[in-house]
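> Read in order, the letters of the sequence shown are residues 1113 to 1325 in the numbering used here.
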Amino acid sequence: MVSKVITIAQQKGGSGKTTIAANLAAVYSLKNNLSTTLLDTDPQGSLGKWFLTRNEKLKNKNMIQFKTASLWGAQYEAKTLKEKSDLVIIDTPPKIDADGRPAIEIADLVIIPISPSQVDFWATESIIELAKREKREILILINRANAKSKLIQEAHKFVNKMNVKKAKTILGNRQIFVSTMGLGLTVVEKQRTGKGCLEMLALAKEIQSFLKF
Ligand SMILES: Nc1ncnc2c1ncn2[C@@H]1O[C@H](COP(=O)(O)OP(=O)(O)O)[C@@H](O)[C@H]1O
Ligand SMILES: [Mg+2]
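#1: Can you give me the C-alpha to C-alpha distance between Gln-1123 and Pro-1206, rounded to a whole angstrom?
#2: What is the residue span of the beta strand (DSSP E) that Leu-1295 lies within?
#3: If you compare alpha carbons, which of Lys-1173, Asn-1145, Leu-1183 and Gly-1126 is closest to Asp-1152?
#4: Please report the straight-line C-alpha distance between Ala-1134 and Lys-1161, rounded to a whole angstrom.
#5: Just to confirm the assignment, what range does the beta strand (DSSP E) spanning Val-1222 have?
#6: Pop quiz: Ala-1337 and Ile-1176 are said to be a contact at Cβ under 8 Å. What is the actual Cβ separation, rounded to whole angstroms?
#7: Suppose the cutoff is 6 Å on Cβ atoms and the five residues either side in sequence are ignored; what does the same chain contact list for Ile-1282 look like?
#8: Can you have a look at Glu-1241 and say buried or exposed, based on whether 16 or more other CB atoms are within 10 angstroms of its CB?
#9: Could you tell me how far apart the beta carbons of Val-1117 and Asp-1232 are, in whole angstroms, since I believe they sit closer than 8 Å?
#10: Enumerated in chain order, which unbroken segments of the alpha helix (DSSP H) with a length of 4 residues or greater are wholly contained in the segment 1185-1222?
#11: Report yes if the CB atom of Ile-1201 is closer than 8 Å to the CB atom of Thr-1148, and no otherwise.
#12: Could you tell me the distance, in whole angstroms, from the CA atom of Lys-1280 to the CA atom of Gly-1157?
#13: Give the DSSP-derived three-state secondary structure of Lys-1247 in the structure shown.
#14: What's the gap between the Cα of Met-1293 and the Cα of Ala-1121?
#15: Answer with buried or exposed for Lys-1179, where buried requires no fewer than 16 other C-beta atoms within 10 angstroms of its C-beta.
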């Protein structure tokens, strides 16, 4: 049993936390045959709505497990879940502060998605500080990147300045990420060789070699 916990955190809403959580869970459960549980701590429940849509569509072929917890209760829940799951992926709400500590503390890896935009850079510093204080492994993931935008260079500069690791994989700004979520699906279930699919597979592999599972 792998028993790893990955927390996806970022105080800025709309940075892609929920999308990345769902897509990673799909790669690990469907492609790598790892039992994977998504733990939703966002009271807004977008991940839950995605999961219900998925369940209706796929019935017993869903493969991914789903649980909810308060941010405060996330640590206890994740500890219990990881006894039975290879992977627990925690999706968190925006605006987490000290109340987000349990979900960060339990994580073997904290993934912090950022869009290449100055507003996102500003919003990211405090979550990086929180994860650093808890001495967690951190991976910054540039998401929704437009290949030609100069802001990607700014994002690299920002990450270097914060002195944290960043994923080699960059997720592009792609409609397939939006449309698949609405259907209760993920990119790897809709594409085999499309760019979005290849990016998700590369990201999953990168995380795997980072966490050694
Ligand atoms: N790589 C991407 N390309 C295009 N749209 C994306 C991408 N990642 C996320 N989105 C879209 O951005 C919006 C916010 O994403 P979401 O995952 O809900 O963010 P968060 O959970 O951080 O609030 C959603 O409409 C989602 O479909
Ligand atoms: Mg979300």
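For each residue, glycine too, the CB sits at the ideal point set by N, CA and C.
Let's see:
#1: One C-alpha to the other measures close to 4 Å.
#2: Per DSSP, Leu-1295 lies in no beta strand (DSSP E) segment and is marked neither H nor E.
#3: Leu-1183
#4: 11 Å
#5: 1221-1226
#6: In this structure the chain extends from 1113 to 1325, so residue 1337 is not present and cannot be described.
#7: Once the five neighbours on either side are set aside, the close Cβ partners of Ile-1282 are Ile-1254 and Ala-1257.
#8: Under this definition Glu-1241 is an exposed residue.
#9: Contact flag wrong, Cβ pair sits at about 24 Å.
#10: 1186-1193 and 1213-1217
#11: yes
#12: Computed Cα separation, rounded: 30 Å.
#13: coil
#14: 19 Å
#15: buried
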